[in-house]
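Student: Residue numbers (our numbering), protein chains in the order written: chain G, 28 to 1037; chain L, 872 to 1673.
The C-beta atom is built at its ideal place from N, Cα and C for all residues, glycine as well.
There's a structure below that I have some questions on.
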């Protein structure tokens, strides 16, 4: 990871050659002189002062520092005067001389106004139907005299059909001679155009579509450092001047997809690529599961395993089995076949689905997964119509829908007995920490309202614990609640039979009473020890004793260190400096197996554990989180909790948690058609064999990623079928099977694969895979592996699918256009690459979080949403995110940045005082004490109402009460927030988007040259 | 002089002598009325040691807490002999020099000066402990501040609703009988064991333990948070930490589980009121899971941690056998019945050994800390008393066996535990230690009673052991006025020196105990007997024979042996002892059976032995192990009178002919026109002769003209009521008619002088029972009658070959 990969001196000859050989829109050279008239207001991302001084240019005033380079005449046609490629090293930026220098060295960012995403324009031509010629971006990096690396042009040759002026990306486009359209030989499949943002309008001159920044053809000679922009190569780093705005933009892609694919999505076709997960769309279930439930990384599966291997694109699905349909979609139908139970294939036990083919006049059916034929049970018989379809096909959801449920019969139940209603048990640590932080008080006072999120028949129970475990008898017949203490924590058992679990509605008075008692009983506690393992056991035993399954909500505060209780852990926080090193796995893996065994036991009893941690010090999330991980629960962390500040957060989170749909005591099984087979599973669950995913509970927010591998060659026309069956108990105590069916295409052409990729899912899967590996590999190896894989995907495309072109070009398949961006984001992410800046606890917590995220969550987790919330551009009703870059933040505005976990409100230094007044009730930013603010004050103004409503919406969407952190420009907190501006370089040395893209290009070329 | 005991009942055959106190006392000890000590064969002592097994060996019954109103109130400390290995207490038998103000210890002959406060004493003005009539004296140690007694209720909840509510009521009622400053605690158990915290507001708290896991005292201390004591302060079980005489240290603040009754009275009443049956489902064909073993262990541990060496009672109420965990006596499957004597013999009682070990260890622990364990067992089946007996037996606690907590037997008995004397003090004492000191020629070889050995060696401990030996001190965790222990002595000739003719042997019994009023008291009894030469003066020796006491002591020894030995061995041993006694003290010519005579002092002894052999103490047939344990427990602790009743029940006859009269315990006493009242101690049987029964059935007693019949019917009932009112435990009351099924209680006890066997022999024709106008009723048994027994005894006694 050394800078200098772009060392211009080394690359100069190549670049020159390249430029000369290419007719890139007539912009062969960018001399300093060419930038004498920089268009107003391009962003300067990389001020690189040292370099600029070389060319005697005051960097601060660099008006157009984008890496994109364009000839001076090109900007003019662009509407809004957006200057596309401004070399950052302009020696003479006369216009900028008058501009005030930025203290932080950042150039003003006037491009906001002209930035296209805010003004999306309908594309005249569907991007996917690009020109015959290769569409795509070409970024060239012409040689720089004087040893500068040529800032690669973001050469986007306009598509013939598309007038440049109409482009949303006013910047970045070559408006030069449209070399577009020369249908290069081997014109790539349509997939390679269709960049959602600037969809294929810019056929690169020399041919192949795709995104082709012409990066220096860097021969990776020995000793050539890998990454640009690293310390020690400052001089070299400063040389690249790619304009980040010209790089493929996530925002743009999302918006384009929203526009083109929003609306109704019908799942009637096999292998139909669904809209992006960020797109708002409605699903009509016509035989395939909605992408809300199942997303595949690819919808055309290569028939040849070798081909898949060659492309290095992972084949995986990400399943959110219990997710809900969107509001306007049809609810999931539930089929009750009575005592007969679900009809299943005789061999592979797949459930009746649209994939089953009825033959023999409807007397038998053939399973498309295993090809076996099964007799139709007499009760289920129905005649076939002239098309060979059952007459009742459209009346039976299991024959015409992709997703449906069966009511399970007794044999699907635990102990062959119909289940009782699952129970919720609150297990509350009442040791000194939690009492002092006010948590005990807070929870007890909100318990009544929290419980209202549960059905009235749901049994609830309460356990508290410190060095002993206390059960409560809340039988409504008792005059007062009884506390039953089990002091023998080494050998936990359930001391109560009746009165511990009582339906919520029945026990409401007793609970009220108890909730008054608990804080009173422990308010002066001196106990600092809290036993964790026995508390979990206690809950589990309680559920076992009542023959129920259920969930434990565990509120814990300290590292369990008691000698008397099992599960004692030692403090290994001293090892935090290990993070990021080869030895990091020693702090990321559990220190003993106690909590794993406990988790297994819990799953065996149908118990899920949700951990809520309120630690003030090291608590070893890596170890204790195993209980949650194996049982299908989650780890929630509230470090340095203080009830008055963080109260709304935990209460909000709990309310979300309790109201979320949840399935208990679940088993998930993924069946696939022959030829492929699920191999690896990522998520929170327990697997004791290779096929059954056991879950204590699973809720709507949790996803499981499943990697699928080829066993054999597939036939091209048959397709791949996947049936995901989740057997679970509803909160009302009904045993059900939820089925998701998905049919994918098979293909013989690699191009088909690349055209039908789902990047968000790929990223979700790759990230989870990386996190899974982090417990047995080294961070360096993981990182390199991800980069290599990414490079191979792109290189294979380049080699096999793209038109032949200059090797200096970076060509990206349309579907994977954002791959480098996202991979860079993944590699920066705390869960994957957290280093010493994080505590081991935080790192583990992030890893746990990531493992359960669905595609919808990871998108913004890796690429946070940055939304302007002040000023005229703020459209809170229909928020328009902007690119995650520091340069996009304007000093006179305010922004919200949201990752699904964090929520920042960034306020520019010269924000409009009126806005401040309206939101915070202060007129001056300096008067604002941001520290204690976790919620916006209740100011009666339109703007405040709107902003608060917006935040509320965000939190509801995320099902998480993200803590609001208010950051003033130039506050210390800004450093924290900057970490989430993922397109930028981070302080700990992760490359910016542009740097990474260049590096990726180099890697690809390295591969191509092999 | 001969002292006749006042008769509680007309006892035709019990006459006790205490022997003569012919002392050569310079201080003219005239007489010592020593009613507490029934010295057997104490006067004169045989000089030569007779073989250990010889029956009339040297032993006595001692009732430490005999209620006496003639004791002077002494509120100062006793004066001890200064010799460090003697420490005997000044007594009337000591030689005193009033001028020089010193006294000579009558055990070690050490000259001791009197303490300063005795300076004013003269021959005319003696301190009470020197006045001969106060050979029994009680000191109240004022400086010792003893905490109030502790009552820890350990309540089984595995019983049906009715039983449990009766039990709850009984306990609630008993709260009013306790001194208000008493500390009380509550433990309930079923499948699990719950220790209740008392007096908490808002939320009832209890600590619950698994019923299958035993906990050491230390674990319990940690788990219950009993941190008031530094670890080392808890005396290890059995260690001499909580030594008698050491005043138990007042513990720190009152802990949460044991609180003064006065402050938690209401709370406990409510707690008991809310007490529910054990909620765990008992499947068909299963027993309830009951964790008696752990509950008791927790109770013992709790007191051990909190109040070691402070008197207390653990009152265990059980309604069934322990079915899990340590102390389990049966498993929870109803298919497997609880062990019987047969199983035990065949070694089929699979849980028994372990259970016994568990309870025995608990008994020892409790005893070491001075805590008594009572067991109130009420169930139709056995509850495991045979295993649990060690707890009450070692600690001096009560064992009560009944059928139901709803019966008056239990309720009355339980109430009587808290009986008070005329001063209004509970008739119980706690945490007592009995120490025996002997003069040189005597050694103490053991004790049999509701106590444990404290393992204290001293110069007066004999090498041979009888009962619990090897010590001169025993611990009685609880005493009642009737608690009686047997003590055995041995005579040694020191260095072969003959015992001087005319000398005396002295014994001092020192009992330190915690009085129910919260005072520490020391009771001292000193007795002396003359020496006699066994070869020369056998007559003297036999004249001092107390056959009643001897019979009871023999019974205790036999029962003690029966606990460990095979039943038939014990019987043979009893026979052998009897034969030897007859050989030694009978007058006969060899091999002439008819010449055999026994002196008056011995005349009833064989009869006692006959009944002892037949009694439930040695015969287990028809009794469950629990019953056997219960009977033996009572025999082991009751005083002489009651013990004799147990061995040989009393029988009274009521007729129109005159006042009720005691009659022979013989089948011939069963007459059709009489009403019999039998008192076996455990049962009171009213037996209506055949004619009486018919009359009663005809309702004559309701007719005014037959008022005398009504009176006759009522007379035994009134008498029975009297017994029922006073006895502890309350006997079972049985009202039956001749020929009734319950008549078996009587028939099994009477001497079967007439049976179906000898009736044929005598009459040669089919005898009709009714026709036996004067012959009583035959008993259908193969047991030998007393006559046959005596014939055999004579034959064997006179036999030269035996």
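Tell me which same chain residues have a C-beta within less than 6 angstroms of the C-beta of residue 1010 of chain L, skipping the five on either side of it?
Tutor: Residue 1010 of chain L sits at position 139 when you count from the first residue of the second chain. If we look at residue 1010 of chain L and ignore the five residues flanking it on each side, its Cβ neighbours are 945, 949, 1393.
Student: Quick one: is the Cβ of residue 1272 of chain L within less than 7 angstroms of any heavy atom of the ligand GDP?
Tutor: What this structure holds is no ligand at all, so the ligand GDP is not there to describe.
Student: Could you tell me whether the Cβ of residue 1573 of chain L comes closer than 8 angstroms to any Cβ of chain G?
Tutor: Within the second chain, residue 1573 of chain L is the residue found at index 702, counting from 1. Chain G contact via Cβ: absent.
Student: Mind checking if residue 259 of chain G is an interface residue toward chain L, Cβ cutoff 8 angstroms exclusive?
Tutor: In the first chain, residue 259 of chain G corresponds to position 232, counting from 1. Any reading at residue 259 of chain G needs caution, since the residue's pLDDT is 36, under 50, leaving its predicted position unreliable; the model's value is listed next. Judged by the 8 angstroms Cβ criterion, residue 259 of chain G is not in contact with chain L.
Student: By how many angstroms is the C-alpha of residue 1345 of chain L removed from the C-alpha of residue 1240 of chain L?
Tutor: As a first step, residue 1240 of chain L must be located in the second chain, where it is residue number 369. As a first step, residue 1345 of chain L must be located in the second chain, where it is residue number 474. Their Cα atoms are separated by approximately 13 angstroms.
Student: Using a Cβ-Cβ distance under 8 angstroms, would residue 512 of chain G count as near chain L?
Tutor: Here residue 512 of chain G is taken as the residue at index 485 of the first chain, counted from 1. Answer yes: the Cβ-Cβ gap between residue 512 of chain G and chain L drops below 8 angstroms somewhere.
Student: So, at 6 angstroms on beta carbons, what are the nonlocal neighbours of residue 1556 of chain L in its own chain, with the 5 sequence-adjacent residues on each side left out?
Tutor: Along the second chain, read from residue 1 onward, the residue named residue 1556 of chain L stands at position 685. Hits under 6 angstroms: 1549, 1605, 1616, 1617.
Student: The beta strand (DSSP E) with residue 823 of chain L in it runs from where to where?
Tutor: Past the boundaries of the shown model lies residue 823 of chain L; chain L is included only from 872 to 1673, so the question cannot be answered.
Student: Whose Cβ in chain G lies nearer than 7 angstroms to the Cβ of residue 1076 of chain L?
Tutor: Here residue 1076 of chain L is taken as the residue at index 205 of the second chain, counted from 1. Within chain G, the residues near residue 1076 of chain L are 510, 512.
Student: On the three-state DSSP scale, how would you describe residue 863 of chain G?
Tutor: Counting from one through the first chain, the residue named residue 863 of chain G turns up at place 836. Residue 863 of chain G falls in the coil class under three-state DSSP.
Student: Excluding the five sequence neighbours on either side, which residues of its own chain have a C-beta within less than 7 angstroms of the C-beta of residue 1619 of chain L, listed in chain order?
Tutor: Locating residue 1619 of chain L in the second chain gives position 748, counting from the first residue. Cβ within range, chain order: n/a, list empty.
Student: What residues are listed by DSSP as bridge partners for residue 1549 of chain L?
Tutor: As a working mapping, residue 1549 of chain L is identified with position 678 in the second chain. In the DSSP output, where bridge partners are listed per residue, residue 1549 of chain L has L:1522, L:1556.
Student: Taking Cβ-Cβ distances shorter than 8 angstroms, what residues in chain L pair up with residue 547 of chain G?
Tutor: As a first step, residue 547 of chain G must be located in the first chain, where it is residue number 520. The answer, in chain order, is 1073.
Student: With a Cβ-Cβ cutoff of 8 angstroms, do residue 1182 of chain L and residue 1277 of chain L count as a contact?
Tutor: Translated into the one-based positions of the second chain, residue 1182 of chain L becomes position 311. Translated into the one-based positions of the second chain, residue 1277 of chain L becomes position 406. Contact: no.
Student: Along chain L, which residues have their Cβ under 7 angstroms away from the Cβ of residue 522 of chain G?
Tutor: Position 495 of the first chain holds residue 522 of chain G. 1063, 1079, listed in chain order.
Student: Give me the DSSP bridge partner(s) of residue 762 of chain G.
Tutor: To locate residue 762 of chain G, count along the first chain from 1; it is residue 735. Bridge partners of residue 762 of chain G: G:756.
Student: Taking DSSP as the reference, what is the three-state secondary structure of residue 68 of chain G?
Tutor: Locating residue 68 of chain G in the first chain gives position 41, where the first residue counts as 1. Since pLDDT at residue 68 of chain G reaches only 39, below the 50 mark, its modelled position is unreliable, and no value is offered.
Student: State yes or no: is the C-beta of residue 958 of chain G within less than 8 angstroms of the C-beta of residue 675 of chain G?
Tutor: Along the first chain, one-based indexing puts residue 958 of chain G at 931. Along the first chain, one-based indexing puts residue 675 of chain G at 648. Not closer than 8 angstroms, so no.
Student: Rounded to the nearest angstrom, what separates residue 490 of chain G and residue 687 of chain G at their Cα positions?
Tutor: Translated into positions along the first chain, residue 490 of chain G becomes position 463. Translated into positions along the first chain, residue 687 of chain G becomes position 660. Roughly 22 angstroms separates the two Cα atoms.
Student: Quick check: the Cα distance between residue 1294 of chain L and residue 1288 of chain L, rounded to an integer number of angstroms?
Tutor: Reading the second chain from its first residue, position 423 is the one you call residue 1294 of chain L. Reading the second chain from its first residue, position 417 is the one you call residue 1288 of chain L. Distance between the alpha carbons of residue 1294 of chain L and residue 1288 of chain L: 16 angstroms.
Student: For the beta strand (DSSP E) containing residue 1529 of chain L, name the first residue and the last one.
Tutor: What you label residue 1529 of chain L is simply residue 658 of the second chain in a count that begins at 1. Residue 1529 of chain L -> beta strand (DSSP E) spans 1529 to 1533.
Student: Starting from residue 1441 of chain L, follow the alpha helix (DSSP H) in both directions and report where the run begins and ends.
Tutor: Taking the second chain and counting its residues from 1, the one referred to as residue 1441 of chain L is at position 570. Judged by DSSP secondary structure, residue 1441 of chain L falls within the alpha helix (DSSP H) whose first and last residues are 1438 to 1456.
Student: Can you give me the start and stop residues for the alpha helix (DSSP H) that residue 1038 of chain L sits inside?
Tutor: Translated into the one-based positions of the second chain, residue 1038 of chain L becomes position 167. Where residue 1038 of chain L is concerned, the enclosing alpha helix (DSSP H) stretches over 1032 to 1046.
Student: Below 8 angstroms, how does it come out for the segment 477 to 494 of chain G and the segment 1036 to 1055 of chain L: are there three or more Cβ pairs, yes or no?
Tutor: no
Student: Does the beta-carbon distance from residue 713 of chain G to residue 582 of chain G come in below 8 angstroms?
Tutor: Indexing the first chain from 1 puts residue 713 of chain G at position 686. Indexing the first chain from 1 puts residue 582 of chain G at position 555. No, they are not a contact pair.
Student: Label residue 593 of chain G either buried or exposed according to how many other C-beta atoms from any shown protein chain fall within 10 Å of its C-beta, with 16 as the threshold for buried.
Tutor: For the purposes of this step, residue 593 of chain G is taken as the residue at position 566 of the first chain. Buried is the call here.
Student: Restricting to runs no shorter than 4 residues, where is the alpha helix (DSSP H) found entirely within the segment 277 to 330 of chain G?
Tutor: 277 to 288
Student: So the candidates are G:645, G:654, G:339, G:940; which of them puts its Cα closest to the Cα of residue 667 of chain G?
Tutor: The residue you call residue 667 of chain G lines up with position 640 of the first chain. For residue 667 of chain G, the nearest C-alpha among the options comes from G:645.
Student: When we look at the beta-carbon of residue 315 of chain G and count the other beta-carbons within 10 Å, is it buried (16 or more) or exposed?
Tutor: Position 288 of the first chain, counted from the start, is the residue given in the question as residue 315 of chain G. Around the beta carbon of residue 315 of chain G, 16 or more other beta carbons sit within 10 angstroms, so the residue counts as buried.
Student: Using 8 angstroms as the limit for Cβ to Cβ distance, is residue 1102 of chain L near chain G?
Tutor: Your numbering for residue 1102 of chain L matches position 231 in the second chain. A caution first: residue 1102 of chain L carries a pLDDT of 35, below 50, which makes its placement in the model too unreliable to give a value.
Student: Could one say the Cβ of residue 1228 of chain L lies closer than 8 angstroms to chain G's Cβ atoms, at least one of them?
Tutor: Indexing the second chain from 1 puts residue 1228 of chain L at position 357. Not one chain G Cβ lies under 8 angstroms of residue 1228 of chain L.
Student: Could you please tell me which residues of the segment 525 to 538 of chain G, in chain order, have their CB closer than 9 angstroms to any CB of chain L?
Tutor: Answer in chain order: 525, 526.
Student: DSSP on residue 904 of chain L, reduced to helix/strand/coil?
Tutor: Here residue 904 of chain L refers to the residue found at position 33 when the second chain is read from its first residue. Annotation note: pLDDT 27 at residue 904 of chain L (below 50); position unreliable, coordinate value reported separately. In the structure shown, residue 904 of chain L sits in coil (DSSP, three-state: anything other than H, G, I, E or B).
Student: Distance, Cα to Cα, residue 1489 of chain L vs residue 1505 of chain L?
Tutor: Position 618 of the second chain, counting from 1, holds the residue named residue 1489 of chain L. Position 634 of the second chain, counting from 1, holds the residue named residue 1505 of chain L. Cα to Cα, residue 1489 of chain L sits roughly 14 angstroms from residue 1505 of chain L.
Student: Given a cut-off of 8 angstroms on the beta-carbon distance, is the pair residue 1011 of chain G and residue 912 of chain G in contact?
Tutor: Counted from its first residue, the first chain places residue 1011 of chain G at position 984. Counted from its first residue, the first chain places residue 912 of chain G at position 885. For residue 1011 of chain G and residue 912 of chain G, yes; Cβs fall inside 8 angstroms.
Student: In this structure, how does DSSP classify residue 1040 of chain G when only helix, strand and coil are distinguished?
Tutor: The structure shown has nothing for residue 1040 of chain G, since chain G only spans 28 to 1037.
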